[in-house]
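Asks: The structure that follows is given in the form of structure tokens.
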Amino acid sequence: MSKEIIRASFYQLLIIYAILVFLTDLGTISKYTLHFGIFAIVIAVFGALSIRKGDNNEIRFPPVLIALPFIIIIISRFIPYLNNSIPLGYDPGIYKYVMEMYLESLPGLPKENTDLWVKSWSPPGLFVITDLLYLIGFDTHAILTRVFIFFELLLALGIYVTTSRFFGKGTGILSLFIYSISITQYEVFWYLYYKNVVALFIMLIALYFLKSRKYLPFIITASFVGAVHRPTFLIFGLIYLGYIISCRKEYIKNVLAGAIILGLTLTFYTRNIREAIFNNIEPIITANIGAGTFISLSTYQSLSLSYLPFALLGFFILARRKDFNLFFLWFLITGVIVYFKLIFFNRFIIHLDVAMIILASFGFYELIKLNKRIGTAALLILFLSSLLVMNQNISDTKPLISEKELDIIKQFNYVESDAYVMSTSSYYSLWILGYSGRKTIAPGLFDYNKWNLEEWEIFWETGEKEKAVEMLDAYERPLYIYLGERSRINEKKFENGCFDKILQENSIKIYRAVCNNTDMRQDYS
Numbered sequence: 237m238s239k240e241i242i243r244a245s246f247y248q249l250l251i252i253y254a255i256l257v258f259l260t261d262l263g264t265i266s267k268y269t270l271h272f273g274i275f276a277i278v279i280a281v282f283g284a285l286s287i288r289k290g291d292n293n294e295i296r297f298p299p300v301l302i303a304l305p306f307i308i309i310i311i312s313r314f315i316p317y318l319n320n321s322i323p324l325g326y327d328p329g330i331y332k333y334v335m336e337m338y339l340e341s342l343p344g345l346p347k348e349n350t351d352l353w354v355k356s357w358s359p360p361g362l363f364v365i366t367d368l369l370y371l372i373g374f375d376t377h378a379i380l381t382r383v384f385i386f387f388e389l390l391l392a393l394g395i396y397v398t399t400s401r402f403f404g405k406g407t408g409i410l411s412l413f414i415y416s417i418s419i420t421q422y423e424v425f426w427y428l429y430y431k432n433v434v435a436l437f438i439m440l441i442a443l444y445f446l447k448s449r450k451y452l453p454f455i456i457t458a459s460f461v462g463a464v465h466r467p468t469f470l471i472f473g474l475i476y477l478g479y480i481i482s483c484r485k486e487y488i489k490n491v492l493a494g495a496i497i498l499g500l501t502l503t504f505y506t507r508n509i510r511e512a513i514f515n516n517i518e519p520i521i522t523a524n525i526g527a528g529t530f531i532s533l534s535t536y537q538s539l540s541l542s543y544l545p546f547a548l549l550g551f552f553i554l555a556r557r558k559d560f561n562l563f564f565l566w567f568l569i570t571g572v573i574v575y576f577k578l579i580f581f582n583r584f585i586i587h588l589d590v591a592m593i594i595l596a597s598f599g600f601y602e603l604i605k606l607n608k609r610i611g612t613a614a615l616l617i618l619f620l621s622s623l624l625v626m627n628q629n630i631s632d633t634k635p636l637i638s639e640k641e642l643d644i645i646k647q648f649n650y651v652e653s654d655a656y657v658m659s660t661s662s663y664y665s666l667w668i669l670g671y672s673g674r675k676t677i678a679p680g681l682f683d684y685n686k687w688n689l690e691e692w693e694i695f696w697e698t699g700e701k702e703k704a705v706e707m708l709d710a711y712e713r714p715l716y717i718y719l720g721e722r723s724r725i726n727e728k729k730f731e732n733g734c735f736d737k738i739l740q741e742n743s744i745k746i747y748r749a750v751c752n753n754t755d756m757r758q759d760y761s
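Residues 237 to 761 in our numbering are what the sequence shown lists, from first letter to last.
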């Protein structure tokens, strides 16, 4: 097959694909009607065979285009807060709790006798940053909302700067556009994955310094990635290992830099290295780690249709040119983890998407160099279709808890200072942790939980007051039990004198356990 036929086929397939994706985003056809993944691979293969190094001249974009993606990001992230003050996602409560723990410890760090789960879950890096933000005037609510949007903008800037350093400013501008319309990255914002966003920004800057051969700032920034988010540091470590193996020119220097980075990172965990590091090794070895809370691979494929073939195109072009750079390795490593469903594979979709965005911008740029008219047309069609999906996602964005229900949880701040609050649903656990101001008992979480899953299921399902009282005797008093709008529990067990109903607003109820070990044997019916 001649090169002209391959190139013509590439153009035709590309236009068909762009139109089909646009119709899919309009809802005219189903995303499951066609095998878009196979279609994208075919397009990428034809494109890689059509594009050679040195084809045509460099393309220069007007510098003013840099502003548009930032405007899209700002608008899309601020709209959910126009008539809402509650932070988005599942994690505001846990971030608020740990931030306030660090704030209370200023000018030092939390003491060694802090909650064990905090030592395991919470590397210090992010919360050192939030301490600094607090000292210059930001409260925890602002840090969870407006400041997080600022870090989203920083991540966009990191993508632009690093992509420009590796592939040129034109590709950097395209990477900004793709990031601004990435539904996956918008989902990261909605989930409030703070550590992911901050660590990815720092990691990109570290790779920028590595590309520039500035080893001191590279070592410092790379080490801080590990202080902010361990999974991102794992990805960085695998990428850097691949880089050391493939780049023999400065092998000794790169190995030494890697050893220093690892040593500096471990210093952030010297106070609680057992909980932070070793407690996470056994699950990895025994393969008991789940997917991680995020969108599934099939959902991700449907959300990334607009730039999937261009990411594959960029990957194949680099492979054909034997340019196994850091982003080639990034895409390869995260792609393997996600596709073969290795540790926390759903969470690593976030990292895969960043690599996809950067390689897609490279693929788009190479296409525009090859044929400016077709490349620009495909870019505009797919950009507009992604904006349609983005608009729908923004419209659907709402906090996971109502203002009324959060206000009720905040009322626990006025009960006894030594009280415990039991969350009967994992849906409310983190909100109670962060906003009740009291020790939290929750299914499968935190230090005060004493039941396994089987025991929780017995407690949820039983209607027998004697059984409930007997089980609750494992917990200290005062003890309050929270039943939210989404709680699913047999409430018959609370209809006796061993429980005081101290609040009921519609389906929201709060009970206070008033019995003790002796009372447990008496009949309160």
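Note that beta-carbon positions come from the ideal geometry of N, C-alpha and C, so glycine has one too.
Counting only runs that start and end within the segment 398-486, where is the alpha helix (DSSP H) found for 4 or more residues in a row?
Replies: Those alpha helix (DSSP H) runs which fall completely within the segment 398-486 and span 4+ residues are 405-416, 419-427, 430-447, 451-464 and 466-482.
Asks: Leaving out five residues on either side along the sequence, give the residues of the same chain with a beta carbon under 6 Å from the beta carbon of Leu256.
Replies: Sequence index remark: in the sequence shown, residue 256 carries index 20 (1-based). Correct list: empty, nothing qualifies.
Asks: Kindly list the residues whose CB is nearer than 6 Å to the CB of Phe514, restricted to its own chain and excluding five residues on each side of it in sequence; keep chain order.
Replies: Start at 1 with the first residue of the sequence shown, and residue 514 comes out as number 278. For Phe514, the pLDDT reaches just 48, beneath the cut-off of 50, and the residue's location in the model is therefore unreliable, although a value from the coordinates is still provided. Correct list: empty, nothing qualifies.
Asks: Taking the alpha carbon of Gly283 as the reference point, which residue from Ala655, Phe551, Lys675 and Leu259 has its own alpha carbon closest?
Replies: The sequence position of residue 283 within the sequence shown is 47, counting from 1. Looking at the Cα atoms, Phe551 is the closest of the given residues.
Asks: Quick one: Cα of Cys751 to Cα of Phe735, how far?
Replies: As a first step, residue 751 must be located in the sequence shown, where it is residue number 515. As a first step, residue 735 must be located in the sequence shown, where it is residue number 499. Cys751 and Phe735: Cα-Cα distance of roughly 7 Å.
Asks: Apply the 10 Å Cβ neighbour rule to Ala442 and answer buried if 16 or more other Cβ atoms are within range, or exposed otherwise.
Replies: By 1-based counting over the sequence shown, the position of residue 442 is 206. Label assigned to Ala442: buried.
Asks: Applying the criterion that 16 or more other CB atoms from any shown protein chain within 10 Å of the CB defines a buried residue, is Arg583 buried or exposed?
Replies: Against the sequence shown, residue 583 aligns to sequence position 347. With 16 or more other Cβ atoms within 10 Å, it is buried.
Asks: Helix, strand or coil: how does DSSP classify Leu578 here?
Replies: Within the sequence shown, residue 578 is the residue found at index 342, counting from 1. Leu578 falls in the coil class under three-state DSSP.
Asks: Expressed to the nearest angstrom, what Euclidean distance is found between the alpha-carbon atoms of Asn259 and Ile265?
Replies: By one-based count along the sequence shown, residue 259 stands at place 23. By one-based count along the sequence shown, residue 265 stands at place 29. Sequence inspection shows Leu at residue 259; the Asn mentioned does not correspond to that position. The alpha-carbon atoms of Leu259 and Ile265 are separated by roughly 6 Å.
Asks: Which parts of the segment 243-289 are runs of the beta strand (DSSP E), unbroken and 3 residues or longer, counting only runs that do not cross its ends?
Replies: Listed in chain order, nothing qualifies, since the segment 243-289 has no complete beta strand (DSSP E) run of 3 or more residues.
Asks: Tyr716 bridges to which residues according to DSSP?
Replies: Here residue 716 refers to the residue found at position 480 of the sequence shown. Partner(s): Val657 and Arg748.
Asks: Do you know offhand how far Gly599's Cα is from Gly273's?
Replies: Residue 599 sits at position 363 when you count from the first residue of the sequence shown. Residue 273 sits at position 37 when you count from the first residue of the sequence shown. Looking at the two C-alpha atoms, the distance is approximately 16 Å.
Asks: Based on DSSP bridge pairs, tell me the residues matched to Asp736.
Replies: Here residue 736 corresponds to residue number 500 of the sequence shown, with the count starting at 1. According to DSSP, which records beta bridges pairwise, Asp736 is partnered with Arg748.
Asks: With H, G and I counted as helix, E and B as strand and the rest as coil, what does DSSP make of Gly571?
Replies: Here the question's residue 571 lines up with position 335 in the sequence shown. Three-state result, Gly571: helix.
Asks: With which residues is Thr676 paired in a DSSP beta bridge?
Replies: For the purposes of this step, residue 676 is identified with residue 440 of the sequence shown, where counting begins at 1. Val657, per the DSSP bridge assignment.
Asks: I'd like to check one pair, Ile644 with Ser672: are the Cβ atoms closer than 7 Å?
Replies: Your numbering for residue 672 matches position 436 in the sequence shown. Your numbering for residue 644 matches position 408 in the sequence shown. Taking 7 Å as the Cβ cut-off, Ser672 and Ile644 do not qualify as a contacting pair.
Asks: Could you pull out every residue in the same chain whose Cβ sits closer than 6 Å to the Cβ of Asp554, ignoring the five residues on either side in sequence?
Replies: The sequence position of residue 554 within the sequence shown is 318, counting from 1. Here residue 554 is Leu; the residue named in the question, Asp, does not match the sequence. Taken in chain order, the residues that qualify are Phe564.
Asks: Quick one: using the 10 Å Cβ neighbour count with 16 as the cut-off for buried, is Lys640 buried or exposed?
Replies: Position 404 of the sequence shown, counted from the first residue, corresponds to residue 640. Exposed, by the Cβ-count rule.
Asks: Using 8 Å as the threshold, is the segment 363-378 in touch with the segment 568-581, meaning 3 or more CB pairs across them?
Replies: Not touching, per the Cβ criterion.
Asks: Tell whether a beta-carbon distance below 7 Å holds between Tyr331 and Tyr430.
Replies: Position 95 of the sequence shown holds residue 331. Position 194 of the sequence shown holds residue 430. Going by C-beta atoms, Tyr331 is nearer than 7 Å to Tyr430.
Asks: Among the residues of its own chain, which have a CB less than 8 Å from the CB of Leu620, if the five just before and after it don't count?
Replies: On the sequence shown, residue 620 is found 384 positions in, with the first residue counted as 1. If we look at Leu620 and ignore the five residues flanking it on each side, its Cβ neighbours are Phe258.
Asks: Using beta-carbon positions only, say whether Ser459 and Leu500 come within less than 7 Å of one another.
Replies: Here residue 459 corresponds to residue number 223 of the sequence shown, with the count starting at 1. Here residue 500 corresponds to residue number 264 of the sequence shown, with the count starting at 1. Contact flag set, yes.
Asks: Strictly by DSSP, which residues pair up with Leu681?
Replies: Indexing the sequence shown from 1 puts residue 681 at position 445. According to DSSP, Leu681 bridges with Ala678.
Asks: Would you call Gln740 buried or exposed, if buried means 16 or more other Cβ atoms sit within 10 Å of its Cβ?
Replies: Against the sequence shown, residue 740 aligns to sequence position 504. Under this definition Gln740 is an exposed residue.
Asks: Between Phe663 and Gly720, how many whole angstroms is the CB-CB distance? I'm expecting something under 8 Å.
Replies: Here residue 663 refers to the residue found at position 427 of the sequence shown. Here residue 720 refers to the residue found at position 484 of the sequence shown. One point to set straight first is that residue 663 is Tyr, not Phe, in the sequence displayed. With a Cβ gap of about 7 Å, Tyr663 and Gly720 count as contacting.
Asks: Expressed to the nearest angstrom, what Euclidean distance is found between the alpha-carbon atoms of Leu544 and Ala591?
Replies: Within the sequence shown, residue 544 is the residue found at index 308, counting from 1. Within the sequence shown, residue 591 is the residue found at index 355, counting from 1. Each residue's alpha carbon lies about 11 Å from the other.
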